[in-house]
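One structure is given below, encoded as structure tokens.
Number of protein chains: 2
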Amino acid sequence: MQKWTMTALGLFLGCALTVAASAREAGPLLVEKQSFTIEDFETQGGAVIPEMTLGWEAYGALDETKDNAILVTHFFSGTSHAAGRYSADDPAPGYWDAIIGPGKPLDTDRFYVISVDTPVNLNAHDPDVITTGPASINPETGEPWGMDFPILTIRDFVETQRSLLDSLGIETLHAVMGASMGALQAYEWAASYPERVDRLVPVIGSGWADAGLIAWLNIWAAPILLDPNWQDGAYYDGEPPLRGLAEALKIVTFHAQHPKWANATFGRAWADENADPAASFEHLFQVEAVLDAAGAARAAVSDANHFLYLAKANQLFYTGHAEGLYDGLMAIEAPTLIVHSNDDLVFPGNAVRETASLIRAGGAPVEVVELAGMRGHLDGVLNIDQAADQISAFLAE
Amino acid sequence: MQKWTMTALGLFLGCALTVAASAREAGPLLVEKQSFTIEDFETQGGAVIPEMTLGWEAYGALDETKDNAILVTHFFSGTSHAAGRYSADDPAPGYWDAIIGPGKPLDTDRFYVISVDTPVNLNAHDPDVITTGPASINPETGEPWGMDFPILTIRDFVETQRSLLDSLGIETLHAVMGASMGALQAYEWAASYPERVDRLVPVIGSGWADAGLIAWLNIWAAPILLDPNWQDGAYYDGEPPLRGLAEALKIVTFHAQHPKWANATFGRAWADENADPAASFEHLFQVEAVLDAAGAARAAVSDANHFLYLAKANQLFYTGHAEGLYDGLMAIEAPTLIVHSNDDLVFPGNAVRETASLIRAGGAPVEVVELAGMRGHLDGVLNIDQAADQISAFLAE
């Protein structure tokens, strides 16, 4: 892989380079992945999963009254690794390290920040992720679940987190905060357990999956279903559908950015300056090669069936999963700080503003912070430090 | 297929219902597909295609001085059927029938409106389309060209049209007008043959394919490459890659609209009110089922390799295909009327406005008309009548 590809890939794959500097100033926050198991987890759909084992991380210390916890819920392709490093020589910290740590907005000298790997986590083959999903062994058959794994909802994700908090004796959360699919979990927490959530910080997410998001999630997932290796999800004995999964992750990678960034970064440059794209279908433009490489890199630690289950959970989401579409949002009592970008193509600005209006209509105060940047949706991860002061102030109130 | 699906599908597939009323007022314009062949067509890349046969249509009469011709260039998934009906009982007229016909802005009582099927036309298996591309027989081998067909550019499309106009004795065009990929051809005409183009009307298109468009075209095409029936393009003896092609056309169909339309039309409705999407991966939301049906319907008359060649031609496009990226736009001399939508996700508003600025900087006058609507990019086809007055006035100047 050429040098420019690696560099650009780094920009796509995360915030490693961006946040490394700020982490270094404060000294590395060392973190450890832990795990917990829920026996006989009953899903919202009524199925029972005999063993639901998930990973989690925490930064800071839980105080004696156990009222200083902030739950951070992760995005579609994310994990519970929100901050810190696994070792002093770990090249990259967690994705929101810019705002989590000693002296940062989610100040680990004051707060106990906790994050949990979701069930059906995309990064099922990343050794630092602990999840339960289609790629896990069904203890009743001794075989991977595949597509027999029960369909889960965002509410189910919340319930796994509630189990962990219960086991730690944490009754109320100082705040719930999450980006993208993490925002959906945060809304769901505040709507389902208003008495346990003191503050709500949804980032780059709106209160329900609208037809636009439902359709995009379908389009994201479609390449997996086309890959002949997918085999209706029963690929664990053979070759996984890596090409389809890479294509799916390529779409996600591009859709989660704003084209103005791609235009400024790549323009019409060729992937190889000696290989004119006009001469062959093998010759790509730079933006195509970078997206291909990003998709393939992400596919290597991901699971295709987990992708499908995540897409389904996101399609099924509307806050509260209640009778009326807006009931859940109206039930939110926690003061809310919404952070988003108007260049977000996944959760567009108008959907986020409608969400804010509905929470306000239900009586809870809502503040909205708009991020600026070139990255669209991803600015909520890569440029979250723009909202650092507002987040600090909101958490101190 | 259920009734709602058919109705919604109609909305996706074209402007038939929308424009039928206006066509009826003026009485049906009956049109006939004709064809012409270019021998030994030399591509911009230097390859020779022994026989380039293409279809064309014309509405109105060419006057004696042959200076009343308007060339209409078609969009990615379009054909030369811009207006009129093939028979009195033809259920739908051509796509821009709202503005082409007697007494309409492209007034066929005054103008000779002519349109040509592009090479590698997507609708290769539509009996009303005549095109030459990978699905055609290579006369030198007696077999379909497949991926041995030469890569073409938008400039090559223009050259086929120039050949036809030359054969008809048409030296100068009163105007060149086209939507989307048709706009690209229009820009290319004005830049390549400034002495032959008196007026330029690019609709929903900008002056070059930027990284954003290049990436989307790659994403559109990817499902075809994943379909095991694609067979590196050599599928003409077997099963065509219809699933991959349908997925590709599904993405195009959705991307060419604005999500606000999908949200207003489908919301979170289920495809089948008795089949909760939470219960099974087989159960879809309505927007998913409608997009699936639209993709499959379009795939039935389309050719997968032709899709790939069209995507390539669009990726390779920048006006003039000259040394500098902006040289072609600066070379345009024709007064220009640009029509576009700020909700266009394929050719975003800022790219269109930059294009207008560059043409102005080259000295040609440019007027910009912004369409309002719910359909994003497609408003340039479905709601072109909003710009009827401006188009009429511009063509009369």
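So the protein sequences, as listed, match chains A and B.
Be aware that the first sequence starts at 0, since it is given in numbering that gives the first Met the number 0, and climbs by one per residue.
Be aware that the second sequence starts at 0, since it is given in numbering that gives the first Met the number 0, and climbs by one per residue.
Every residue gets a Cβ at the ideal spot worked out from N, C-alpha and C, and that includes glycine.
I need the boundaries of the beta strand (DSSP E) containing residue i, first residue and last residue.
{"i": "E366(A)", "result": "365-370"}
{"i": "M373(A)", "result": "Per DSSP, M373(A) belongs to no beta strand (DSSP E) and is neither H nor E."}
{"i": "I150(A)", "result": "It is not in any beta strand (DSSP E) - I150(A) carries neither H nor E in the DSSP assignment."}
{"i": "G54(A)", "result": "47-58"}
Per DSSP, which residues does residue i bridge with? Please list them.
{"i": "A178(A)", "result": "V202(A)"}
{"i": "T335(B)", "result": "L199(B), V365(B)"}
{"i": "D106(B)", "result": "G100(B)"}
{"i": "P118(A)", "result": "DSSP, once it has assigned bridges, lists no residue as partnering P118(A)."}
{"i": "A68(B)", "result": "Y111(B)"}
{"i": "Y317(B)", "result": "W207(B)"}
{"i": "W269(B)", "result": "F284(B)"}
{"i": "L172(A)", "result": "V196(A)"}
{"i": "N137(B)", "result": "E142(B)"}
{"i": "R297(A)", "result": "Beta-bridge pairing links R297(A) to no other residue."}
{"i": "R84(A)", "result": "L29(A)"}
When DSSP labels each residue in this structure, what does residue i get in the three-state scheme?
{"i": "W260(A)", "result": "helix"}
{"i": "D165(B)", "result": "helix"}
{"i": "P421(B)", "result": "Since the first residue of chain B shown is 0 and the last is 396, residue 421(B) is not available in this structure."}
{"i": "Y94(A)", "result": "coil"}
{"i": "E322(B)", "result": "coil"}
{"i": "I129(A)", "result": "coil"}
{"i": "A344(A)", "result": "It should be pointed out that residue 344(A) corresponds to Leu in this sequence rather than to Ala. Residue state, collapsed to three classes: coil."}
{"i": "L183(B)", "result": "helix"}
{"i": "L28(A)", "result": "coil"}
{"i": "N349(B)", "result": "helix"}
{"i": "L61(A)", "result": "coil"}
{"i": "N382(B)", "result": "coil"}
{"i": "L377(A)", "result": "helix"}
{"i": "Y308(B)", "result": "helix"}
{"i": "G327(A)", "result": "helix"}
{"i": "T78(B)", "result": "coil"}
{"i": "D291(B)", "result": "helix"}
{"i": "D404(A)", "result": "Past the edges of chain A, shown from 0 to 396, lies residue 404(A), and the structure says nothing about it."}
{"i": "S191(A)", "result": "helix"}
{"i": "A303(B)", "result": "helix"}
{"i": "A355(B)", "result": "helix"}
{"i": "A274(B)", "result": "coil"}
Span of the alpha helix (DSSP H) holding residue i?
{"i": "F35(A)", "result": "Note, F35(A): premise wrong, no alpha helix (DSSP H); beta strand (DSSP E) at 33-41."}
{"i": "L394(B)", "result": "387-395"}
Can you find a C-beta in chain D that's less than 8 Å from the C-beta of residue i?
{"i": "V119(A)", "result": "The displayed structure is made up of protein chains A and B, and chain D is not among them."}
What runs of the alpha helix (DSSP H), each 4 residues or longer, lie entirely inside the region 200-256 of chain B?
210-225, 241-254
Taking beta-carbon pairs under 8 Å, can you tell me which members of the region 292-323 of chain B lie near chain A?
Using a CB distance below 8 Å, the part of the region 292-323 of chain B facing chain A consists of L307, K311, Q314, L315, Y317, ordered along the chain.
Cβ-based contacts, 8 Å cut-off: residues of the region 242-257 of chain B near chain A:
R242, G243, E246, K249, I250, F253
Listed from N- to C-terminal order along the chain, which residues in the region 213-234 of chain B have their beta-carbon within a distance smaller than 7 Å of any beta-carbon of chain A?
I213, A214, N217, I218, A221, P222, L225, D226, P227
For the region 366-386 of chain B, list every residue whose C-beta sits within 7 Å of some C-beta in chain A, in sequence order.
none
Contact residues within the region 198-214 of chain A, judged by C-beta distance below 9 Å to chain B
W207, A208, D209, A210, G211, L212, I213, A214
If you measure beta-carbon to beta-carbon, which residues of the region 336-358 of chain A are closer than 9 Å to chain B?
L344, P347, N349, A350
Residues of the region 121-155 of chain B with a CB closer than 8 Å to any CB of chain A: list them in chain order, please.
M146, I150, T152
Residues of the region 32-47 of chain A with a CB closer than 7 Å to any CB of chain B: list them in chain order, please.
Under the 7 Å Cβ criterion, the region 32-47 of chain A contributes G44.
Give the residues from the region 167-181 of chain B that approach chain A closer than 9 Å (Cβ to any Cβ), ordered along the chain.
Listed by position along the chain: nothing, the set is empty.
Just by C-beta distance, which residues in the region 269-281 of chain A are closer than 8 Å to chain B?
P276, A277, A278, S279, F280
Got a sec: which bits of the region 69-93 of chain A sit with their beta carbon under 7 Å from any beta carbon on chain B, in order along the chain?
none
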